[in-house]
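Participant:
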Amino acid sequence: MQLADLFAHKKPPLIGLDISSTSVKLLELGHQGDGYRVEAYAAEPLPPNSVVEKNITDVEAVGEAIRRVTKRSGSRTKHASVAVAGSSVITKVITMPASLSEEEMESQIELEADQYIPYSLEEVNLDFEILGTSEDNPDTVDVLLAASRSENVDSRVAAVELGGLTARVVDIEAYTLENAFGLISPQIPGGTDDKTVAVIDVGATMTTLSVLHDGKIIYTRDQVFGGKQLTEEIQRRYGLSYEEAGMAKRQGGLPDNYVPEVLDPFKDAMAQQVSRSLQFFFSSSQHNSVSHIVLAGGSASIPGVDELIEERVGTSTSIANPFTNMSLLSKVKAQALSNDAPALMIACGLALRSFD
5 MQLADLFAHK KPPLIGLDIS STSVKLLELG HQGDGYRVEA YAAEPLPPNS VVEKNITDVE
65 AVGEAIRRVT KRSGSRTKHA SVAVAGSSVI TKVITMPASL SEEEMESQIE LEADQYIPYS
125 LEEVNLDFEI LGTSEDNPDT VDVLLAASRS ENVDSRVAAV ELGGLTARVV DIEAYTLENA
185 FGLISPQIPG GTDDKTVAVI DVGATMTTLS VLHDGKIIYT RDQVFGGKQL TEEIQRRYGL
245 SYEEAGMAKR QGGLPDNYVP EVLDPFKDAM AQQVSRSLQF FFSSSQHNSV SHIVLAGGSA
305 SIPGVDELIE ERVGTSTSIA NPFTNMSLLS KVKAQALSND APALMIACGL ALRSFD
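Structural data, given as C-alpha cells:
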C-alpha cells in the first residue's frame, strides 16, 4: 500500500487537467491582486471509448491528447493535478487522538485501514486529511480518509506522464467541485451561507448531482445520462457521422425541425433527469428542498435549458461560470473559454490546487 497524494500539499504552479469521457481540458490559473487570472486554457477531444464511465481504458490515447492539449495551451508548467471520479473513491471520516503527530497518525491509519476499506491494502492508494477537532471530544480530531483502487490513480498518473507532464496531485472530483464552488457562490442569489445548493453537471455520458450545504459537499450521485444522447439523435436523424453531429450541435446549421423534434425533447429529458436526481437526494437525506440549482457541464450551454429547469422544478437556476471575476492573459481565447465555462468547474477546482 502506498499513500497517494489524494490531498497533497504541494508547491505551485500546477495546471488542472480534467480528463472526461470525451475530452481533456487544461486550465492554468495565476494570482492577480486579490483574484485570479487565466494563464492558459485549451481542450482536446479524445478518441471514442478511451475513457469509459470515468475510467481510462486507453492510456496511450489519453497521454497523446494531454501532449496535444499542453502544446495548444502554450503552458510551460510541467506539474499537473488530476482527479478520480467520486464513484471510484471511498471516503470515511474517522476520529483519532489529537495528541498524535502526522507521522504517528499515518502509521496508525495504515495499521487500522483494513477496518475501513473493503479492498486489500495492496490494491489501494490511501490518503488522509485532518479536518479539525471533533465536536463532541476536544481530545480527538476528525480525519477524512480517502482510498481509491490503485489502478484508477495509476492510469491517470501514467497518462499524464505519457503526455510529458508530472502528476503532483490526484484529487477527487467532488472535492475539486467544492473547491471551485467558491468562485461561483457570489453569483448565487441570497448567497450560500447556511444554504443548500445543488450543482448538476451534465457531461457527455454521465450526470453528476453534487449537493453543497454552506459550501461543503454533503451528497453526490452519478447517473448515466448526458449530451452524447443528443449527439447520437442528431447523427441518427440527419444521417451524419458522430463527429459531424457533434459539430452541428455546437455550431448550428441543422434543418428547421431540429429544435422542436430533437432539441426540445432532449431539454425535457434533461429537466426530468434533474428532477429525478433531486428526488433521490431528498429521499436519502433530511432535506426536502434546495435553495438554488447550478447547471454545469457541456449541456448547460444549451440555450434556455436553465429557464426550463427553473420552471419545471420550481427552484431558481443559473449556469456555472467560474471565470466571471477573472482576467485573462491575451493568449487565452476569450470566446472559447466563455463557451466552455460551464464545463470547466472540475478543471478550475484542480487549477486552484496551486494556491493551497
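Its first residue numbered 5, the sequence shown is counted upward by one per residue in this note's numbering. Using N, Cα and C, we set each Cβ at its ideal position, and we do this for glycine too. As the structure is a prediction and not an experimental result, all values here were calculated from the model.
1. Buried or exposed: which applies to Arg172, given that a residue is buried once 16 or more other Cβ atoms fall within 10 Å of its Cβ?
2. Which same chain residues, not among the five before or five after Gly308, have their C-beta less than 8 Å away from its C-beta?
3. Measuring CB to CB, does Phe285 end up less than 7 Å from Tyr223?
4. Is it the case that the stretch 83 to 97 contacts the stretch 213 to 233, given that we only count it when at least three CB pairs across the two stretches are under 8 Å?
5. Do Lys96 and Tyr123 have their C-beta atoms within less than 7 Å of each other?
6. For Ala345 and Ser103, I'd like the C-alpha separation in whole angstroms.
7. Give the range of the alpha helix (DSSP H) segment to which Gln339 is assigned.
8. Output needed for Gly20: all residues of its chain with C-beta closer than 6 Å, excluding positions within five of it in sequence on either side, in chain order.
9. Are the C-beta atoms of His217 and some chain C residue less than 7 Å apart?
10. Using C-beta distances below 6 Å, list every residue in its chain close to Asn292, excluding the 5 sequence neighbours before and after it, in chain order.
11. Would you call Asp205 buried or exposed, if buried means 16 or more other Cβ atoms sit within 10 Å of its Cβ?
12. Could you please give the first and the last residue of the uninterrupted alpha helix (DSSP H) stretch that includes Thr180?
13. Could you tell me the boundaries of the beta strand (DSSP E) in which Val147 lies?
14. What three-state label does DSSP hand Lys82 in the structure shown?
15. Starting from Val66 and walking both ways along the alpha helix (DSSP H), at which residues does that stretch end?
16. Where DSSP assigns a beta bridge to Phe132, which residues make up the other side?
17. Locate the alpha helix (DSSP H) running through Asp268, then write down its first and last residues.
18. Among Glu315, Ser331, Met251, Lys335, whose alpha-carbon lies nearest the alpha-carbon of Gly37?
19. Between Ala46, Thr26, Ile113, which lies nearest to Val336 when the distance is taken from Cα to Cα?
20. Taking 6 Å as the limit between beta carbons, can you name the residues of its chain near Gly34, skipping five residues before and five after?
21. Should Val174 and Val157 be called a contact, given that it needs their Cβ atoms to be closer than 7 Å?
22. Return yes when the Cβ of Ala162 is within less than 7 Å of the Cβ of Val63, no when it is not.
23. Run the CB neighbour count on Ala366, radius 10 Å, all protein chains shown included, and call it buried at 16 or more, exposed below.
24. Just confirm the distance between the C-beta atoms of Leu181 and Val203, as a whole number of angstroms; I'd bet it's less than 8 Å.
25. Judging by CA-CA distance, which residue of Ala151, Asn141, Val294 is the nearest neighbour of Phe132?
26. Out of Ser288, Ser305, Ser303, Leu282, which one is the CA nearest neighbour of Ser295?
27. Kindly indicate the opening and closing residues of the beta strand (DSSP E) around Lys29.
28. With C-beta atoms as the reference, is Ser154 less than 7 Å away from Asn129?
29. Leu234 lies in the alpha helix (DSSP H); which residues open and close that run?
30. Since Gly230 and Ser303 are thought to touch, with beta carbons under 8 Å apart, how far apart are those beta carbons, to the nearest angstrom?
Facilitator: To lay it out plainly:
1. Counting C-beta atoms within 10 angstroms of its own C-beta, Arg172 has 16 or more neighbours from the protein chains shown and is therefore classed as buried.
2. Lys271
3. At a Cβ-Cβ threshold of 7 Å, Phe285 and Tyr223 count as neighbours.
4. yes
5. no
6. 44 Å
7. 338 to 344
8. Leu31, Ser85, Ala351, Leu354, Ala355
9. Absence of chain C from the displayed structure is noted, only one protein chain being present.
10. Only Phe286 meet the Cβ criterion.
11. buried
12. 177 to 188
13. 141 to 153
14. coil
15. 63 to 77
16. In DSSP, Phe132 forms a bridge with Leu149.
17. 268 to 287
18. Ser331
19. Ala46
20. Arg41, Glu43
21. yes
22. Closer than 7 Å, so yes.
23. The chain is shown only over 5 to 360; residue 366 falls outside these bounds and no answer can be derived.
24. 6 Å
25. For the residues Ala151, Asn141, Val294, the minimum Cα distance to Phe132 belongs to Ala151.
26. Leu282
27. 27 to 36
28. Yes.
29. Looking at the DSSP string, the run of the alpha helix (DSSP H) that includes Leu234 is 232 to 242.
30. Yes, Gly230 and Ser303 are in contact; Cβ-Cβ is about 7 Å, under 8 Å.
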